[in-house]
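First up is the structure itself, then whatever we jot down about it.
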Amino acid sequence: MWDSIAETSPDIVVMMGEYGGRAMVTVERIAQNLNDSTRYGLADNNGCSLQGQLTVADGPAAYYSTLPIRAMVKAMRESGIPSDTSDVTGTFCCNHLMYGILHRIHINSLPIRAGWIHLPHLPSVAALPENLGAPSMSVETSAMGVEIGLRAVLENLRDIEEPILSRLQSNHPPAKPGALNS
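As structure tokens, then:
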């Protein structure tokens with residue numbers, strides 16, 4: 001992904017992934033310098049499972065998203081999209097990528113705003129026997145939320161000062177597609 005960013009020099013990078021167990025579009029606040037998929041009982045697509053390794057050996061403990069996360073959530077909510085802020089991306093693939101990209105942006109002093117949006121399971125994934133009862137959101141609603149969030153990024157160079165009340169109760173780990181968080 002970094003090669004694509006270096007080639008295109010974007011002003012904004014918005015990364016996305018699925019976070020099973022969440023019922024809302026969530027905009028992430030923090031990526032931490034920690035990879036620990038063993039706590040979730042998960043491995044990446046290559047079968048790699050990490051426990052307590054750093055993303056960047058000499059990197060800072062965490063990076064904050066540079067997106068206007070409160071403005072994004074406010075815009076989505078005003079449009080009827082269930083959304084919230086989330087304080088930490090987790091310690092699996094999404095966190096690894098968000099941290100790595102924010103680190104590269106930082107060490108190269110690039111004027112790129114970047115962050116992460118987590119989406120709920122699609123209904124077809126939530127309907128799998130191992131996921132019965134898991135929250136889901138239609139692809140249309142998720143896509144509309146992303147579009148509205150992106151518009152808010154374009155319209156807000158800085159985040160709004162208005163506090164956004166959080167109702168996010170779930171600290172469930174991110175699930176691989178087709179798996180239920182416990």
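Numbering (the numbering used here), first residue to last: 1 to 182.
Ideal Cβ positions, reconstructed from N, Cα and C, are used throughout, including at glycine.
With contacts defined as CB atoms closer than 9 Å, residue 55 and residue 95 qualify as a contacting pair.
In the structure shown, residue 122 falls within a coil segment according to DSSP collapsed to helix, strand and coil. Annotated three-state conformation of residue 33 is coil, per DSSP. No Cβ-Cβ contact shorter than 9 Å links residue 12 with residue 152. DSSP, read as helix, strand or coil, puts residue 162 in coil. Burial check for residue 71: the Cβ neighbour count within 10 Å reaches 16 or more, so the residue is buried.
The straight-line gap separating the alpha-carbon atoms of residue 120 and residue 68 is approximately 21 Å. The continuous stretches of alpha helix (DSSP H) do not include residue 18, which lies in the beta strand (DSSP E) extending over residues 12–18. Looking at 31, 136, 98, the one whose alpha-carbon comes closest to that of residue 25 is 136. Membership of residue 87 in the beta strand (DSSP E) is indicated by the continuous run 83–88. Check the Cα spacing between residue 35 and each of 116, 2, 50: the tightest is with 50. Residue burial annotation: residue 134 is buried, with at least 16 other C-beta atoms found within 10 angstroms of its C-beta. Around the beta carbon of residue 52, fewer than 16 other beta carbons lie within 10 angstroms, which makes this residue exposed.
Under DSSP, residue 113 forms a beta bridge with 12. A residue is called buried when at least 16 other Cβ atoms come within 10 angstroms of its Cβ; residue 143 does not meet this threshold and is exposed.
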